[in-house]
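Engineer: Residue numbering for the sequence shown follows this note's numbering, starting at 1474 and increasing by one per position. Below is a structure I'd like to ask you about.
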Amino acid sequence: MSIIGINGRCTVNKVTEIEIRSKITSIVTKIQCLVIPKITEPIPSNSFNIKDLQIPSSVKLADPFLHCSAPVDLMIGAELFLSLLLAGKIILEKNQPVLQNTVFGYILGGSLGKSTGREASCYKVNLEQTIARFWELENSGLVNEEQVPSVTPNNPSEQHFYDTTTRLPDGRFMVRLPFKEHPPILGKSKEAALSRLLSVERKRARDNHLNEAYVNFMREYHNLGHMELIADDTPENSFYLPHSCLVNLNSTTTRHGVVFDGSCKSSNNLSLNDNLLAGPVLQPDLFIILIQFRKHQYVLTADISKMYRCTLIHPDDQNYHKILWRETTDAPVQAYNLKTVTYGLTPSSYQAIKCVQQLGIEETTKFPLAYPVFMNTFYLDDVLFGSDSVRNLIDTKEELKTVLSKGCFVLSKWSSNNSAGLEHEGYISSKNCLIVDKERGIKQLTAKKPVTSSSISSISPFVDKNNIIRLGDRLRNAQVSEDKKISILLPKHFVAELIVKEAHLSQLHAGHSGTLTHVRQKYWPISGRSQV
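Here is the structure:
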């Protein structure tokens, strides 16, 4: 049924019967109502002070809160309304509404004789000043990728970097810790580090998946030469860094990581970070980077793999990068030196970024296309750059890779809106793309936990050996391929949208059911009908 009224046109497909009772009399009546989203705007349009109406105290109102603006819940038609009226009408003062008696009590109708309370504001705008500010914004460098941020050589951290940083024969950078004063003022820290290690071990004992990820992370750290076993002699000038686990189930690559706590207080209530200089901000704001990025027709993104750990710490400063570690609780606790720039220390971000930018500065003559990318389009370890020419985009990418390799930095996780820009580059694994989802059940599965209350619990999902979420073997006896027996679960994600779009095209838009059937040959979309 279609209804047209003051509030517009709407379609009604629901009817309800309600019972109306009077709080004043014993009247009870039933009425059939059509259900619509909204009857009209709130009545009255603005709240008012009911004392202004001077309503007699003997009058019992049907709605004691009639002075408050509120939505209309029910509209009674003429077939019932007139039978609800009783004798009795009270005319208030001139230009004020009228009170009418009903079986529910007195109702109020008419004009309040006052303004609606709307306010008007007027602003005087200087057009010349506005245009001048517009051109100042255009020329501020927001859209000029060639403009390089100024450096501050008089900054203590900058000066320390230039005075102490060296390059090894393989091109890798080696930096010194920028202490506020040398030697730093530090107390004993081993006891706090040991206490944190024991706390982490208790957490690992309760979660096998966490324990496995933690051990694998530390093994990789050691195997890559980023930390080395040392004699636990605890020299006077040293610091033990406590460490703990960081869990990020939304990550497409590393869902567990180890973070080192440079802010943990030593026995004299000072931490390692309290003794270190932070360094200036070297990169543009993310907002500016995104504006530059979005203006290009063809774009590329990537990030530097393990950027912090590509830069070494001078051996004389590694005593301030000590940690305690053991894989199992029955093994002895051993001391290690972290040999690279470590996440969790005040100057680490500055040092890692500065080394990357220094590469661009040193190679600017040989690789001019890469230079503005180094200085203006990096955000932490992520790079976002583009061009209006595919050829120029590829040339810039190759220069960027070449320059970074001179400092032992490697770019990974390439992504582009043009396939030519990704030639010879590794794609992000599809299994990682497909399991990115904020749905709680999927998080539980990827963390090797049983699915409890979730929209996917009824389809018996599991994680296969490649970490891909699949349906339970609902077709275990069917004579079909393995992919059809245990379809890949597709969450509501951009990758799922692309798969459905491809199915529409390949099936020549076969319709809703045909497209969904084709997709389910290999995949099982969550809420499949709504996705297709």
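Just so you know, even glycine gets a beta-carbon here, dropped at the ideal spot from N, CA and C. Please read all numbers here as calculations on a predicted model, not as lab measurements.
Enumerated in chain order, which unbroken segments of the alpha helix (DSSP H) with a length of 4 residues or greater are wholly contained in the segment 1724-1809?
Structural biologist: You should have 1759-1767.
Engineer: Quick one: using the 10 Å Cβ neighbour count with 16 as the cut-off for buried, is valine 1648 buried or exposed?
Structural biologist: That one is buried.
Engineer: Which value, in whole angstroms, describes the spacing of the CA atoms of asparagine 1522 and isoleucine 1528?
Structural biologist: When rounded, the distance between both Cα atoms is 12 Å.
Engineer: How many angstroms separate the CA atom of serine 1530 from the CA atom of leucine 1585?
Structural biologist: Taking the straight line joining both Cα atoms gives about 19 Å.
Engineer: Is the beta carbon of valine 1876 sitting closer than 8 Å to the one on alanine 1775?
Structural biologist: Cβ atoms of valine 1876 and alanine 1775: not closer than 8 Å.
Engineer: Take serine 1960 as the anchor and find which of Ala1678, Arg1943 and Gln1569 has the nearest alpha-carbon.
Structural biologist: Among Ala1678, Arg1943 and Gln1569, the Cα nearest to that of serine 1960 belongs to Arg1943.
Engineer: With a threshold of 16 other CB atoms inside 10 Å of the CB of alanine 1666, please say whether the residue is buried or exposed.
Structural biologist: When all chains shown are included, alanine 1666 counts as buried.
Engineer: Is leucine 1600 buried or exposed, if buried means 16 or more other CB atoms sit within 10 Å of its CB?
Structural biologist: Answer is exposed; the Cβ neighbour count stays below 16.
Engineer: Under three-state DSSP, which class holds histidine 1991?
Structural biologist: In this structure, histidine 1991 counts as helix in the three-state DSSP scheme.
Engineer: Given that a residue counts as buried once 16 or more other Cβ atoms are within 10 Å of its Cβ, and exposed if not, what is glycine 1984?
Structural biologist: Its Cβ having fewer than 16 others within 10 Å, glycine 1984 is exposed.
Engineer: Thinking C-beta only, is phenylalanine 1634 closer than 8 Å to leucine 1749?
Structural biologist: Contact flag unset, no.
Engineer: Just how far apart, CA to CA, sit glycine 1752 and isoleucine 1834?
Structural biologist: Their backbone Cα atoms lie some 18 Å apart in a straight line.
Engineer: Per DSSP, which one or two residues make a beta bridge with arginine 1692?
Structural biologist: BP columns for arginine 1692 are empty, so no partner.
Engineer: Name the DSSP beta bridge partners of isoleucine 1491, please?
Structural biologist: Looking at the DSSP assignment, isoleucine 1491 forms a beta bridge with Ile1504.
Engineer: Can you list, in chain order, the residues of its chain whose CB lies under 6 Å from that of phenylalanine 1690, leaving out five sequence neighbours each side?
Structural biologist: Cβ neighbours of phenylalanine 1690 beyond the five flanking positions: Val1731.
Engineer: I need the straight-line Cα distance from histidine 1895 to serine 1885, nearest angstrom please.
Structural biologist: First, the residue type needs correcting, since residue 1895 is leucine and not histidine in the sequence shown. Rounded to whole angstroms, leucine 1895 to serine 1885 spans 11 Å at the Cα level.
Engineer: Is it true that the segment 1794-1801 meets the segment 1830-1847, where meeting means three or more beta-carbon pairs spaced less than 8 Å apart?
Structural biologist: Contact fails: fewer than three Cβ-Cβ distances are below 8 Å.
Engineer: Tell me which residue opens and which closes the alpha helix (DSSP H) that asparagine 1849 is part of.
Structural biologist: Residues 1843-1849.
Engineer: Would glutamate 1514 be called buried (16 or more neighbouring beta carbons within 10 Å of its own) or exposed?
Structural biologist: Result: exposed.
Engineer: Have a look at the DSSP bridge pairing and note the partners of serine 1860.
Structural biologist: The partner list for serine 1860 (beta bridge, DSSP) reads Tyr1771.
Engineer: Between which two residues does the alpha helix (DSSP H) harbouring leucine 1978 extend?
Structural biologist: 1967-1979 is the span of the alpha helix (DSSP H), which, as asked, contains leucine 1978.
Engineer: Which class does serine 1672 belong to by DSSP, given the choice of helix, strand or coil?
Structural biologist: Note: serine 1672 maps to helix in three-state DSSP.
Engineer: For serine 1499, which residues in the same chain have their Cβ closer than 7 Å to its Cβ, ignoring the five residues on either side in sequence?
Structural biologist: Cβ neighbours of serine 1499 beyond the five flanking positions: none.
Engineer: Start and end of the beta strand (DSSP E) containing valine 1571?
Structural biologist: Counting along the chain, the beta strand (DSSP E) containing valine 1571 begins and ends at 1571-1575.
Engineer: Between the segment 1848-1865 and the segment 1805-1820, do at least 3 Cβ pairs fall closer than 8 Å?
Structural biologist: No, they do not touch.
Engineer: Leucine 1555 to leucine 1572, Cα distance in whole Å?
Structural biologist: Roughly 15 Å separates the two Cα atoms.
Engineer: Going by the CB atoms, is the gap between glycine 1578 and leucine 1534 shorter than 8 Å?
Structural biologist: Contact: yes.
Engineer: Would you tell me roughly how many angstroms separate the C-alpha atoms of threonine 1837 and glutamine 1831, rounded to the nearest one?
Structural biologist: Taking the straight line joining both Cα atoms gives about 10 Å.
Engineer: Could you say if the segment 1699-1718 and the segment 1661-1681 meet the contact criterion of at least three C-beta pairs nearer than 8 Å?
Structural biologist: Contact between the segment 1699-1718 and the segment 1661-1681 is present, because at least three Cβ pairs lie under 8 Å.
Engineer: Just grab the DSSP bridge partners of serine 1717 for me.
Structural biologist: DSSP, once it has assigned bridges, lists Val1732 as partnering serine 1717.
Engineer: Residues in its own chain within less than 8 Å of threonine 1988 by CB, not counting five upstream and five downstream?
Structural biologist: For threonine 1988, where only same-chain residues beyond five positions count, the Cβ hits under 8 Å are Val1973, Ala1976, His1977, Gln1980, His1982 and Val2005.
Engineer: Leaving aside the five residues before and after arginine 1645 along the sequence, list all residues of the same chain whose C-beta is less than 8 Å from its C-beta, in chain order.
Structural biologist: Around arginine 1645: Cys1783, Thr1784, Leu1785, Gly1880 and Cys1881.
Engineer: Hey, how far is the Cα of serine 1744 from the Cα of lysine 1738?
Structural biologist: Distance between the alpha carbons of serine 1744 and lysine 1738: 4 Å.
Engineer: Applying the criterion that 16 or more other CB atoms from any shown protein chain within 10 Å of the CB defines a buried residue, is isoleucine 1761 buried or exposed?
Structural biologist: Buried, because 16 or more other Cβ atoms sit within 10 Å of the Cβ of isoleucine 1761.
Engineer: Apply the 10 Å Cβ neighbour rule to glycine 1735 and answer buried if 16 or more other Cβ atoms are within range, or exposed otherwise.
Structural biologist: Label assigned to glycine 1735: buried.
Engineer: Just the C-alpha distance for aspartate 1773 and glutamate 1970, rounded to the nearest angstrom, thanks.
Structural biologist: With the sequence shown as reference, residue 1773 is identified as leucine, and aspartate is not the correct amino acid for it. Their backbone Cα atoms lie some 21 Å apart in a straight line.
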